[in-house]
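Engineer: The numbering of the sequence shown is the numbering used here, which starts it at 4 and goes up by one.
Backbone N, C-alpha and C fix where the C-beta goes; we use that ideal spot for every residue, glycine too.
Since the structure is predicted, the reported quantities are computational estimates derived from the model, not experimental observations.
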Amino acid sequence: AIEPSTALCAAGRTEVPEATWVEASWSADVVFDNWFRSVVMAHSLHHIADRDALAKFVARKLFPGGFWILLEPRHGWRRAAHLVRSWWRDLRHLPWDTYGATHHFITRGEMRHLARVGGFRIVSTNRTPRATWWVLEKR
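#1: Along the beta strand (DSSP E) that carries Glu140, what are the first and last residues, could you check?
#2: Under 7 Å between the Cβ atoms of Gly112 and Ala62?
#3: If we call anything under 7 Å between Cβ atoms a contact, is Ser41 one with Phe70?
#4: Is the CB-CB distance between Trp38 and Lys64 below 7 Å?
#5: Name the two residues that bound the continuous beta strand (DSSP E) containing Val43.
#6: Quick check on Ser127: does DSSP put it in helix, strand or coil?
#7: Which two residues bound the contiguous alpha helix (DSSP H) that contains Phe60?
#8: Run through DSSP, which three-state label would Arg68 get?
#9: Alpha carbon to alpha carbon, how far is Arg81 from Cys12? Give it in angstroms, no decimals.
#10: Suppose you measure from the CA of Phe35 to the CA of Pro7; what does that come to, to the nearest Å?
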């Protein structure tokens, strides 16, 4: 697992000792290419500004036939309106690159684009009232 948080890496080593834990940012080239059988990201893709670079990075690190599993939040109009009001109140005066792509929710079209960019195929999508699961397989 690649985890930027020291505390979460320590907890992961305790809870899942059979896994390899590397403390680093996702963009750090700290593991070999074709190293992972799967990459799981929960509620995090929408915080990444350069998603194309991430898709290419994940594809490079996965074995052929490996899976990129994503869980992304899904919000109704009420939550979306709340986020817009929060942005207007708290963030609109900041330059865009200060807070990046925070809460730019992922669309089906964007997932299809990321699959193409990274060389994946979308195996399945499962939508629940609060989240969407995406399973992408490296070609």
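Structural biologist: In short:
#1: Reading the sequence shown from its first residue, position 137 is the one you call residue 140. Note, Glu140: beta strand (DSSP E), Ala134 to Lys141.
#2: In the sequence shown, counting from the first residue as 1, residue 112 sits at position 109. In the sequence shown, counting from the first residue as 1, residue 62 sits at position 59. No, the Cβ-Cβ distance between Gly112 and Ala62 is not below 7 Å.
#3: Residue 41 sits at position 38 when you count from the first residue of the sequence shown. Residue 70 sits at position 67 when you count from the first residue of the sequence shown. Against a cut-off of 7 Å, the Cβ pair of Phe70 and Ser41 comes out as a contact.
#4: Stepping through the sequence shown from its first residue, residue 38 is reached at position 35. Stepping through the sequence shown from its first residue, residue 64 is reached at position 61. Yes, the pair counts as a contact, with Cβ atoms nearer than the cut-off.
#5: In the sequence shown, residue 43 corresponds to position 40, counting from 1. Looking at the DSSP string, the run of the beta strand (DSSP E) that includes Val43 is Phe39 to Ala45.
#6: To locate residue 127, count along the sequence shown from 1; it is residue 124. Strand at Ser127.
#7: As a first step, residue 60 is located in the sequence shown; it is residue number 57 there, counting from the start. Segment Arg54 to Lys64, the alpha helix (DSSP H) holding Phe60.
#8: Counting from one through the sequence shown, the residue named residue 68 turns up at place 65. This sequence places Gly at residue 68; Arg is not what is there. Strand, per DSSP.
#9: The residue given as residue 12 occupies position 9 in the sequence shown. The residue given as residue 81 occupies position 78 in the sequence shown. Cys12 and Arg81: Cα-Cα distance of roughly 35 Å.
#10: Mapped onto the sequence shown, residue 35 falls at position 32. Mapped onto the sequence shown, residue 7 falls at position 4. Spanning the two alpha carbons is a distance of roughly 18 Å.
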